[in-house]
Structure formats: C-alpha cells, structure tokens
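See below for the structure under consideration.
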C-alpha cells in the first residue's frame, strides 16, 4: 500500500518504555505518522502510558496511535469496531483510518485507555482456583488476586466526585473511558471515548441473596442485566478511599492501594478509530 512499516518486538519488562522513547526520538529524525500497538488492552495501555510519561504534563504526542488486536479479550479494539479475526484488515485500518481525538483516564498518575476496575477480592496472588477460572473465562483478569469464591468479600470505601458522594460496601466498581472489559462485559455501557468524562459504575455488595448469583448476572448480561441497586455517574474527577487495600486493574494491569485519585485527560491523544 506504499506505507513504510518498522517493527519493534518486546521481549522483557522495560522494553515498552525503551521503545516508546525510541519512537519519540525517531519521530524527530523521520516523522512517524502512527504508533501501532500489537497486543491486547494491556499492551495499548502500556504503550500510551509510556509515551505520555516521556512528555511534559499536558503535551500531546506528535503521532497518532492505532491497535493491532492480538490479545485475549481485545475489549478496546472491539469498541472501535476492529475485528481481531481479521489482522490484515486491522493493519489496513491503522494506515487508512482518520486520527480522532480521544480521552485518556488516569489513576494515581498512571494512564489507562479503556477501563479501570476495582474490588472482586483484596488479596494478590499468582494462584487462581481452576474451578474459578472455568467459571470466569475471559473475565478472569478482572479478578486478578482472587483464589476462591469465598474471597468475594465486600470492600468498604468512600467514593466522591463532582456533586456526588457515596460510602458503603461494594463488590466491584468500574471507571470507564470505554464500555467493556473482561472479554465483552458491559460495565460502563454509556461511556464515550471523547466526551471529557469518565463513567463510574458501582456494584454495592448485596444485602441479601448470593454473591455468586449477582456475579453470574454481571458476567452474562453486564450491568444492563442488573435490575436495581446499581450506581452510575459521569464525572471528570473521582476520589476513592478504602478501609483496606484493594486491587485496581488498569486495562488489566494490576495496582494496589487504599487511596485513589482518578481523572480524565480530555483529547490527550489521537487514535485511528
């Protein structure tokens, strides 16, 4: 098609940050139109976060981003209507599609492109019950750190945003720039990538009934299938404090803590979409 393509492969931790620096340096010598991330949501998260950390605060990258969906869930790619089964078509899209302004979320200084999720158990471990893996399927990364159903415990916390305050026990929460996570689960169904807002969804811990039943409904139907009790808001800035350490997943990449400052960087990047 007449496009010059230069491929870089990551082999170990730290490669993405190094290659992001190279892309910015190479752009100065020979202008790069598009930086394509080959992988899943975690990869595009790592690429965008690495580039933005190399720039001054508020500075916009000198090139657009695009996605080659080679991951497991590819939730962000599906949001922008890419078909992971058609990899050549996705690469053609990266070359031909318009670069449109897009927001980027931020949690404690780390950027996310699609969604940040929290809750679903509080202990971090590399071991997960095989039975739990079979039940969760593609949603398994939402529950990183969960080893057995008995750990589906309530997280006590206080959540504040503009004109909004909530305190109580929650099973899970999602802060979406995109709409889906965990292999297509609609956690923030009205989120938009360029509206200057994050979509907050809180799933309070049930006062009655089985937690596993609530979880099954969430996995099967997303928040659209929840009849009541769900809390949803649009916000630019969100502050969360929890009684105990909880795990957040930024596009599937885990973080742990008790105090979370979350915000939106409006039109921070250009994305081929």
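Numbering (this note's numbering), first residue to last: 1019 to 1291.
Note that the Cβ used here is the ideal one computed from N, Cα and C, for glycine as well.
Outcome for residue i when other beta-carbon atoms lying within 10 angstroms are tallied against a minimum of 16
| i | result |
| --- | --- |
| residue 1124 | buried |
| residue 1027 | exposed |
| residue 1074 | exposed |
| residue 1163 | Residue placement at residue 1163 is poorly supported in this model, since its pLDDT is 46, which falls under 50; the coordinates still yield a value, given next. Classification of residue 1163: buried, given that the 10 Å Cβ count is 16 or more. |
| residue 1190 | buried |
| residue 1066 | buried |
| residue 1276 | exposed |
| residue 1264 | buried |
| residue 1198 | buried |
| residue 1107 | exposed |
Sequence-distant residues of its chain with Cβ nearer than 7 Å to residue i (five each side left out)
| i | result |
| --- | --- |
| residue 1068 | 1034, 1035, 1038 |
| residue 1279 | 1126, 1257 |
| residue 1240 | 1203, 1204, 1205, 1207 |
| residue 1051 | 1081, 1082 |
| residue 1183 | none |
Test item: CB-CB of residue i and residue j under 7 Å
| i | j | result |
| --- | --- | --- |
| residue 1192 | residue 1260 | no |
| residue 1242 | residue 1207 | yes |
| residue 1072 | residue 1042 | yes |
| residue 1088 | residue 1056 | yes |
| residue 1094 | residue 1059 | yes |
Identity of the residues DSSP links to residue i by a beta bridge
| i | result |
| --- | --- |
| residue 1085 | 1055 |
| residue 1243 | For residue 1243, which the question treats as bridged, DSSP gives no partner whatsoever. |
| residue 1289 | 1083, 1118 |
| residue 1255 | 1281 |
Residues near residue i by beta carbon distance below 8 Å, same chain, minus five either side
| i | result |
| --- | --- |
| residue 1063 | 1129, 1130, 1131, 1132, 1268, 1269, 1270, 1271 |
| residue 1274 | 1142, 1263, 1264, 1265, 1266 |
| residue 1185 | 1175, 1176, 1177 |
Residue i beta carbon near the ligand GDP (any heavy atom closer than 6 Å)
| i | result |
| --- | --- |
| residue 1224 | The ligand GDP is not part of this structure, which contains no ligands at all. |
Same chain, Cβ closer than 6 Å to residue i, five either side skipped, listed in chain order
| i | result |
| --- | --- |
| residue 1284 | 1121, 1214 |
Query - Touching by the beta-carbon criterion (3+ pairs, under 8 Å), the region 1271–1289 and the region 1076–1089 - result: They touch, by the three-pair rule.
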